[in-house]
Amino acid sequence: MWPRGRVIGGSSSINGLIFIRGQHEDFDDWSKLGASGWSYKEVLPFFKRYERYEGGDSEYRGGDGEFAVSNLRNRNVACDSWLTAASEFGLPFNADFNAATTYGVGRYQLSIGSHWRTSSASAFLYPALKRQNLTLVAHAHVSKIIVRGQVATGVEYIRDGRVEVAHADREVILCAGAIQSPHLLQLSGIGPADLLRSLKIPVAVDQPQVGANLQDHYQASHSPAETTNFSE
7 MWPRGRVIGG
17 SSSINGLIFI
27 RGQHEDFDDW
37 SKLGASGWSY
47 KEVLPFFKRY
57 ERYEGGDSEY
67 RGGDGEFAVS
77 NLRNRNVACD
87 SWLTAASEFG
97 LPFNADFNAA
107 TTYGVGRYQL
117 SIGSHWRTSS
127 ASAFLYPALK
137 RQNLTLVAHA
147 HVSKIIVRGQ
157 VATGVEYIRD
167 GRVEVAHADR
177 EVILCAGAIQ
187 SPHLLQLSGI
197 GPADLLRSLK
207 IPVAVDQPQV
217 GANLQDHYQA
227 SHSPAETTNF
237 SE
């Protein structure tokens with residue numbers, strides 16, 4: 007078993023414990039643009055499958071998955087006043103941003119179980135480490151995806167100052183977050199051709215959208231454990 011800690015698990019091991027899904031409209035927009043299978047209705051069963059929400063199973067929530075989710079466990083007077091003011095202003099109160107809509111004002115939920123943080127590592131990776139067909143390489147920095155033609159065939163990474171390569175028999179799955187994923191794609195020659203050429207990176211796939219259109223989100227925090235969200 008890999009030692010537990012915050013080395014493994016990506017941002018799910020170091021973020022503010024906030025648990026909130028993407029907006030329905032974003033998934034539906036991807037589907038309309040040609041991403042087959044990515045509409046909100048199609049991805050919802052997968053959201054529900056991995057989630058163990060303390061409120062139990064419902065139309066939008068899962069109650070039996072590996073990833074524990076809970077509601078806030080304290081109340082803050084300032085937060086309550088802020089929500090009241092927002093409602094008086096005309097914004098609807100939203101009791102669950104992970105349900106029918108993300109529109110309105112309300113309280114976040116947390117990626118936490120009975121006591122401890124839930125991360126992608128604690129929920130999915132650690133239980134699977136006993137499998138013979140799984141190898142975890144830690145303290146390794148991925149430097150690029152190896153592309154042959156327009157097919158990803160492996161991953162190059164640096165460990166202990168040495169460049170190593172992992173070859174893929176079937177597929178390469180890139181899951182490095184909103185910043186590092188496009189960064190790795192561009193380092194691998196997948197991105198805006200003019201930009202890649204200016205950096206002397208051989209172009210494998212001219213894809214202008216890689217590295218573009220990143221959107222930030224806003225929050226107001228009243229205490230370390232009490233956060234409100236507003237969304238349009």
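Just so you know, we're using the working numbering here: the sequence shown kicks off at 7 and counts up by one. Backbone N, C-alpha and C define an ideal beta-carbon position, used for all residues, glycine too.
Spatial neighbours of residue i within its chain, please: CB distance less than 8 Å, with the 5 preceding and 5 following residues excluded, ordered by chain position.
{"i": "E177", "result": "A158"}
{"i": "H147", "result": "Y163, I164 and R165"}
{"i": "G1", "result": "Outside the modelled stretch of the chain, which goes from 7 to 238, sits residue 1, for which no answer is possible."}
To the nearest angstrom, how far is it from the Cα of residue i to the Cα of residue j?
{"i": "F33", "j": "V49", "result": "8 Å"}
{"i": "E162", "j": "G61", "result": "43 Å"}
{"i": "R168", "j": "V216", "result": "28 Å"}
{"i": "G239", "j": "Q29", "result": "A question about residue 239 goes unanswered here, because the residues of the chain that appear run from 7 up to 238."}
{"i": "C181", "j": "T141", "result": "16 Å"}
{"i": "L89", "j": "I151", "result": "46 Å"}
{"i": "Q221", "j": "E31", "result": "14 Å"}
{"i": "L4", "j": "H145", "result": "A query on residue 4 cannot be resolved here, the shown segment of the chain reaching from 7 to 238 and no further."}
{"i": "R123", "j": "S149", "result": "29 Å"}
{"i": "S93", "j": "L78", "result": "20 Å"}
{"i": "V75", "j": "P198", "result": "38 Å"}
{"i": "I14", "j": "S64", "result": "31 Å"}
{"i": "A106", "j": "K206", "result": "47 Å"}
Can you list, in chain order, the residues of its chain with a C-beta nearer than 6 Å to that of residue i? Leave out the 5 residues immediately preceding and following it.
{"i": "I24", "result": "Y114"}
{"i": "A210", "result": "V153, G195 and I196"}
{"i": "F236", "result": "With a pLDDT of 47 at F236, under the threshold of 50, the modelled position of this residue cannot be trusted; read the value that follows with caution. Correct list, in chain order: V111."}
{"i": "S37", "result": "W44 and S45"}
Exposed or buried, what is residue i when buried is set at 16 or more other beta-carbons lying within 10 Å of its beta-carbon?
{"i": "S194", "result": "buried"}
{"i": "F73", "result": "buried"}
{"i": "A84", "result": "exposed"}
{"i": "N104", "result": "buried"}
{"i": "A134", "result": "exposed"}
{"i": "Q138", "result": "exposed"}
{"i": "S117", "result": "buried"}
{"i": "E57", "result": "buried"}
Thinking residue i and residue j are a contact (beta carbons under 8 Å), I'd like their distance in whole angstroms, please.
{"i": "S18", "j": "S87", "result": "That pair is no contact at about 31 Å."}
{"i": "G160", "j": "A174", "result": "5 Å"}
{"i": "R67", "j": "K54", "result": "7 Å"}
Less than 7 Å between C-beta atoms, sequence neighbours within five positions excluded: which residues of the same chain meet that for residue i?
{"i": "A129", "result": "E72 and F73"}
{"i": "R203", "result": "V209"}
Which runs of the alpha helix (DSSP H) spanning at least 4 residues fall entirely within the segment 65-143, listed in chain order? 83-95
Considering only residues of the segment 179-215, which uninterrupted alpha helix (DSSP H) runs meet the minimum length of 4 residues and lie entirely inside it, listed in chain order? 183-193 and 199-204
Tell me the start and end of each unbroken alpha helix (DSSP H) in the segment 10-65 that is at least 4 residues and wholly inside, in chain order. 30-38 and 46-56
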